[in-house]
Structures are given as structure tokens and as C-alpha cells.
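Asks:
In this note's numbering, the protein residues as written are 244 to 392.
#1: Is it the case that the Cβ atoms of residue 326 and residue 264 are separated by a distance below 8 Å?
#2: Assuming residue 262 is part of the alpha helix (DSSP H), what are its boundary residues?
#3: Residues in the same chain with beta-carbon distance under 6 Å from residue 332, minus the five sequence neighbours each way, listed in chain order, please.
#4: Could you pull out every residue in the same chain whose Cβ sits closer than 7 Å to the Cβ of residue 404, ignoring the five residues on either side in sequence?
#5: Exposed or buried, which one is residue 268 when buried takes at least 16 other CB atoms within 10 Å?
#6: From this set, 385, 250, 366, which residue's C-alpha is nearest residue 310's C-alpha?
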């Protein structure tokens, strides 16, 4: 798999936002900052990998409409992220209820945060210059071939 600067930067920016959200809610729910930090720490690593794979998959997706794409992508990612949070919260605290509480609260907060993150990155042209030029060239070639027919 080719390493993409854009997907790596997007993954890191989301992980920062997502990890802070996990830390706050895990701390509030467990009442223990160290447990919150532990949960946030392990899920930062696991979700960074999951998110990069998720981004690469979506990059090749044929769903083009931005709002439809962002909504589907947001819910799909949240499903993956919530399962990861529930699993590691449960493992680290030894209490499945704590895992489900943290995962449940995060589902709401992160779907909103992620949708905003997606909309922002959709507008950022970081490392997309070559791709956009290829698309414009392809459109121009198609238009010329229609004219020449």
C-alpha cells in the first residue's frame, strides 16, 4: 500500500481530536485520570491504524456526493471507533459496563466532531494538486474528443 501524505496528516489530525475526546469522557466516566489516559493512549494507537486503512479505502470509493459521502463515512468510522473504544475500555478497566458507557457517549460526541473534521478536510487541497490536475486534464480530453466527433 502506497503511503499517502494527505491520509497520514488527516489521520493524525483526527487522532488528536479523537484522543482528547476519549481522554475527557473516559476520565469523567471512570473518575480516574490515569485510567482515562490509559484508555486514550491505547486507542490512539489502534485507531490511528484503523483510520489510515479506512481513509485509504474511502479514497478509492466511487461515492462522490459530498454530503452523502460524509454522512456514510462518518457513521462507518464511528462504528469502527466505538467498537475499538468499548473493547479496550472493557479490557483496561475490567468492567464491560464502563466500556459501553464510554463507547456510547463517544458515539454522540465523535459523530459530530468527525463530520466537522470531514467537511474541513474536504475543503483543504493539501497534496491533491496532482490528482485535481489529472481530473481536469481527463475532462478536457473527453470534451475535445466529443468536439472532434
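Glycine included, each C-beta is placed from N, C-alpha and C at the ideal position.
Computed from a predicted structure; not experimentally measured.
Replies: Well, looking at it:
#1: As a working note, residue 326 is residue 83 in the chain shown. As a working note, residue 264 is residue 21 in the chain shown. No; because the gap between Cβ atoms is not below 8 Å, this pair is not in contact.
#2: As a working mapping, residue 262 is identified with position 19 in the chain shown. Note, residue 262: alpha helix (DSSP H), 248-273.
#3: Taking the first residue of the chain shown as 1, we reach residue 332 at position 89. Here the set comprises 282, 341, 342, 345.
#4: Residue coverage of the chain in this structure runs from 244 to 392, which leaves residue 404 outside it and unanswerable.
#5: As a working note, residue 268 is residue 25 in the chain shown. Looking at its Cβ environment, which holds 16 or more other Cβ atoms inside 10 Å, residue 268 is buried.
#6: What you label residue 310 is simply residue 67 of the chain shown in a count that begins at 1. Among 385, 250, 366, the Cα nearest to that of residue 310 belongs to 366.
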